[in-house]
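S.K.: So the sequence lines, in the order shown, correspond to chains A and B.
So the first sequence is residues 0 to 357, counted in numbering that gives the first Met the number 0.
So the second sequence is residues 0 to 357, counted in numbering that gives the first Met the number 0.
The C-beta atom is built at its ideal place from N, Cα and C for all residues, glycine as well.
Protein chains: 2
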Amino acid sequence: MSERHRLPQGASANGRTRLADVALASSVTKSVASRVLNQDPTLQVRPETRRRVWTAARELGYRPHAGARALAGQEARALALLIPDLNNPVYPRIIRGAYQRAREHGYVVLLAEDTADHAADESFAELVESGRVDGLLIGSARPAHPLLGSPRLSLLPHVFVTREVAGSQRNVTLDFPAASTVAVEHLYRLGHRRIGHISGPKERTPAASRERGFRAVMASLQLDGSCVEHGPFSESGGAEATQRLVSRWPDLTAIYVSTLTQALGVLHRLHQIGLRVPDDVSVITYDDLPLAGYLQPPLTTIAMPLVDLGAAAVDALVQQLGGAPPEDITIATPPTLIVRSSTARPTTMPLPQASRRT
Amino acid sequence: MSERHRLPQGASANGRTRLADVALASSVTKSVASRVLNQDPTLQVRPETRRRVWTAARELGYRPHAGARALAGQEARALALLIPDLNNPVYPRIIRGAYQRAREHGYVVLLAEDTADHAADESFAELVESGRVDGLLIGSARPAHPLLGSPRLSLLPHVFVTREVAGSQRNVTLDFPAASTVAVEHLYRLGHRRIGHISGPKERTPAASRERGFRAVMASLQLDGSCVEHGPFSESGGAEATQRLVSRWPDLTAIYVSTLTQALGVLHRLHQIGLRVPDDVSVITYDDLPLAGYLQPPLTTIAMPLVDLGAAAVDALVQQLGGAPPEDITIATPPTLIVRSSTARPTTMPLPQASRRT
DNA sequence: GGTCTTAGGAAAACCGGTTTTGAAAACCCT
DNA sequence: AGGGTTTTCAAAACCGGTTTTCCTAAGACC
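This is the structure we're talking about:
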């Protein structure tokens, strides 16, 4: 009568091999099969039985059903990675580092972009609250993300990537002071003394710590570290900050830029104004990507260990998942200076009192 | 004795509200609650009961457990999106379109990057074979992706995005011929007659159809459409193809480039060679992004309806999920020409027999 | 008034795993 | 040989939903 009965054959029901099939093929019960395959240390079993289970699993091409595992085991073995902007070319590296390391830990990474609209919020909430993920990797994002207030966040393990939340003990960050030091010292050794900095939005923490680092290094070199302008992390943000920077401090000989995207705007605006790079102004920026070497002129950059960052964030999160108390982490890998053609010795004569066109 | 018994209170077990809680609160059974919330049309129920269930669900903040649904309902309500390279700036737009539309259909999108290494393959296989997703969106990728041979692929609904697999009836593509027409006609109207094309790797279908489009338009204009060079979709690929192009056909006055990334290399190499853009050579490329407007010179581009593409791909996949037979789709939205400064009238005099430096 | 429908919902099986509990078999020892 | 361990598994409950089946009471019909 009812067609719903289990198929008689060990053959799988709808095409997929189930644990029960493996158990049947290796003449044990589901429980033993499960515990063998999951390497349960409390299980006592003959090596030969263990072998039978493993070979049966391999031969049948067994792959556990994620949903069933999540349901029974209370863990989805997946992590969500929330990033603010896929267009920003730094994220792919972080993402790769995270994916790779997550795999090593046996986790899958689910990527979500936080485009600051309602749909994205809902989409992410769905991901989190439907039990699809065990933990969150929160990329640098809006200062007041709706998620941050949510009570669910405190329930779910999470880390902040490149986004410091004071006192959270969950910050995984790069060594921004070190990077600022590398940048400024490079310029200093070339002979620059009047150096400006283009930073990100004031409330974004990675921007703030880069700026702090900049001011600190400048101070230690007895230089004026107050020539700073802020702007959005976009081409136009960089362009407009450049405008303000050179208006206020026309005697700058070098500019240290927060992000490659902004640097594109910087180059563009400097060209419009009529200042040549590096003859009139040197430019150095974060975020080394192939792109940087193909600009006009090719940009001197500071390469940050982004892949390591992604990996470390996953490590930290997996630790938390394992019950360890959260703690702040700073990636030790030092930043690397990639010298191209956008930095050079300053010309001895002061900048022409700019023939600005805008 | 056993602490495993269900908590007495309607209060949820581990913090999450379950269907049983909703059922209890609205004085019905799980089955009714489930069917009400899922809008089962075969269910007969009083409007008042229906209301009770909905309000209980809302008040308790009920969100179904994805794993349980996947297990019981045989569908994970998630789609996987496989893209070849996150660094390529066109993908974020496709991704956004896909995410957005998927949400409207009640699906979540899981993003995976196909970095052509074993780890990525494994990671993707895991995603697919563990039953985490119901269908696949396969972005333009390696000609011989391991997945393509897999028997599982034929079991799982899927579409190819910007990647034509002949006869699959599952191709969702842009109107490349139209785009080639827009590009070439723009150049033609400016007065260009000797036009070259930098295409992608020969075996990549979107590149091939762009090239076919190019040749067809050129032919229809009675022009020589054979000046084509191929190269990888990278900055260096663009640079090297440029080198070959101008060596073989030194009299070209315009170049039509496949991707923005390649275009960066094109600009770079032309500058090295000593050819000015647009004075000596005009350059037009695909993929409009903010970046294009900040290059030196700002690039004239053809903006493709990438968001629509992502959305349409999801639509097509969801149709298949609903049982509809697969069919090829071409996005109707016409490409848009964004004129900036990299295209201009050709100078009447022939190109100087290049003062090449490389 | 008795039977037949139909509306409205209860019960239970099932999805594919994990984990606790319990018990048979093998081993050890005197 | 008999009792106590230890090995080695088997059984069954459970995770949180979906879906089929079945039951009951109220209205319809004659």
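Cβ of B/Asn37 less than 8 Å from any chain A Cβ?
M.R.: Judged by the 8 Å Cβ criterion, B/Asn37 is not in contact with chain A.
S.K.: Are there 16 or more other CB atoms within 10 angstroms of the CB of B/Arg188, so buried, or fewer, so exposed?
M.R.: Answer is exposed; the Cβ neighbour count stays below 16.
S.K.: Which one of A/Ala165, A/Thr252, A/Ser235, A/Val313 has the shortest CA to CA distance from A/Ala262?
M.R.: Answer by Cα proximity: A/Ser235.
S.K.: Under 7 Å, CB to CB, which of the residues in the region 49 to 66 of chain A have a partner in chain B?
M.R.: If the cut-off is 7 Å between Cβ atoms, the region 49 to 66 of chain A has Arg62, Pro63, His64, Ala65, Gly66 near chain B.
S.K.: Could you check whether the Cβ of B/Ala302 sits closer than 8 Å to any Cβ belonging to chain A?
M.R.: With 8 Å as the cut-off, B/Ala302 does not count as an interface residue toward chain A.
S.K.: Here's the rule: buried if 16 or more other CB atoms are within 10 angstroms of the residue's CB, otherwise exposed. What is B/Arg100?
M.R.: Under this definition B/Arg100 is a buried residue.
S.K.: Just verifying my parser: in three-state terms, what is the DSSP assignment at B/Thr241?
M.R.: Helix, per DSSP.
S.K.: Using a C-beta to C-beta distance shorter than 7 Å, which residues of chain A count as neighbours of B/Gln261?
M.R.: Those do not exist, as B/Gln261 stays about 10 Å from chain A at its closest Cβ, beyond 7 Å.
S.K.: Let me make sure I understand the geometry here. Which of A/Gly166, A/Leu78, A/Ile194 has the alpha-carbon closest to that of A/Ile137?
M.R.: Nearest C-alpha to A/Ile137: A/Leu78.
S.K.: Quick check: what's the CA-CA separation for B/Arg3 versus B/Ala67?
M.R.: Residue confidence is low: B/Arg3 scores 36 on pLDDT, short of 50, so the model does not pin down where it sits. No coordinate-derived value is stated.
S.K.: Determine the direct distance from the alpha carbon of A/Phe123 to that of A/Thr241, and round the result to whole angstroms.
M.R.: So the alpha carbons of these two residues sit roughly 36 Å apart.
S.K.: Would A/Val160 and A/Leu308 qualify as a contact pair, given that the criterion is a beta-carbon distance under 8 Å?
M.R.: Cβ atoms of A/Val160 and A/Leu308: closer than 8 Å.
S.K.: In the region 271 to 296 of chain B, which residues sit with their C-beta less than 8 Å from some C-beta in chain A, listed in chain order?
M.R.: Those residues of the region 271 to 296 of chain B that come within reach of chain A (Cβ to Cβ, closer than 8 Å) are Leu288, Pro289, Leu290, Gly292, Tyr293, Leu294, Gln295.
S.K.: Which two residues bound the contiguous beta strand (DSSP E) that contains B/Val108?
M.R.: 107 to 112 is the extent of the beta strand (DSSP E) around B/Val108.
S.K.: Is there a C-beta anywhere in chain B that falls below 8 Å from the one on A/Glu373?
M.R.: One cannot answer for residue 373 of chain A here, as it falls past the ends of chain A, which runs 0 to 357.
S.K.: Give me whichever residues DSSP pairs with B/Ile283 in a beta bridge.
M.R.: Partner(s): B/Tyr255, B/Thr299.
S.K.: Going straight from the alpha carbon of B/Leu135 to that of B/Leu173, what length do you get?
M.R.: Using only the alpha carbons, I get a separation of about 19 Å.
S.K.: Report yes or no: do the region 52 to 63 of chain A and the region 11 to 29 of chain A share at least 3 C-beta pairs separated by less than 8 Å?
M.R.: Touching, yes.
S.K.: Buried or exposed: B/Arg247, going by 16 or more other Cβ atoms within 10 Å of its Cβ?
M.R.: The residue is exposed, with fewer than 16 neighbouring Cβ atoms inside 10 Å.
S.K.: Looking only at its own chain, which residues have a Cβ that is under 8 Å from the Cβ of B/Arg95, when we skip the five neighbours before and after it?
M.R.: Answer for B/Arg95: Val306, Gly309, listed in chain order.
S.K.: Could you name each continuous alpha helix (DSSP H) segment of 4 residues or more that falls completely within the region 59 to 134 of chain B, going from the start of the chain to the end?
M.R.: Here the runs fully enclosed are 65 to 72, 90 to 103, 117 to 128.
S.K.: May I ask which residues mark the beginning and end of the beta strand (DSSP E) holding A/Phe159?
M.R.: From DSSP, the beta strand (DSSP E) with A/Phe159 extends over 157 to 160.
S.K.: Alpha carbons only, please: which of B/Leu126, B/Pro296, B/Gly237, B/Val132 is nearest the one belonging to A/His359?
M.R.: A query on residue 359 of chain A cannot be resolved here, the shown segment of chain A reaching from 0 to 357 and no further.
S.K.: Could you check where the alpha helix (DSSP H) with A/Leu336 kicks off and where it finishes?
M.R.: No alpha helix (DSSP H) contains A/Leu336, which is instead part of the beta strand (DSSP E) from 335 to 337.
S.K.: Please list, in chain order, all residues of the same chain as B/Leu244 whose beta carbon is under 6 Å from its beta carbon, the five residues on each side excluded.
M.R.: Result list for B/Leu244: Gly195, Glu228, in chain order.
S.K.: Where does the unbroken alpha helix (DSSP H) through A/Ser33 begin, and where does it stop?
M.R.: 29 to 36 is the span of the alpha helix (DSSP H), which, as asked, contains A/Ser33.
S.K.: What is the DSSP secondary structure of A/His191, reduced to helix, strand or coil?
M.R.: Coil, per DSSP.
S.K.: Starting from B/Val171 and walking both ways along the beta strand (DSSP E), at which residues does that stretch end?
M.R.: Start and end: 170 to 172.
S.K.: From the DSSP output, in three-state form, read off B/Ser153 for me.
M.R.: DSSP places B/Ser153 in helix when its eight states are reduced to three.
S.K.: Run through the DSSP bridge pairs and tell me what B/Gly138 is partnered with.
M.R.: Answer by DSSP bridge pairing, in chain order: B/Val160.
S.K.: Taking the C-alpha atoms as reference points, what is the distance between A/Ala253 and A/Asp279?
M.R.: Going by the C-alpha atoms only, they are around 8 Å apart.
S.K.: Against chain A, does B/Gln352 count as a neighbour if the rule is that its beta carbon must be under 8 Å from one of theirs?
M.R.: Annotation note: pLDDT 47 at B/Gln352 (below 50); position unreliable, coordinate value reported separately. No, no contact with chain A.
S.K.: Does the beta carbon of B/Ile93 sit closer than 8 Å to a beta carbon anywhere in chain A?
M.R.: No, B/Ile93 lies away from the interface with chain A (no Cβ there is under 8 Å from its Cβ).
S.K.: Using a Cβ-Cβ cutoff of 7 Å, what residues of the region 71 to 87 of chain A are near chain B? List them in chain order.
M.R.: Answer in chain order: Ala75, Leu85, Asn86.
S.K.: For A/Thr346, which three-state DSSP category applies?
M.R.: If DSSP states are grouped into helix, strand and coil, A/Thr346 belongs with coil.
S.K.: What does DSSP give as the partner residue(s) for A/Thr329 in the beta ladder?
M.R.: Paired residue(s): A/Thr172.
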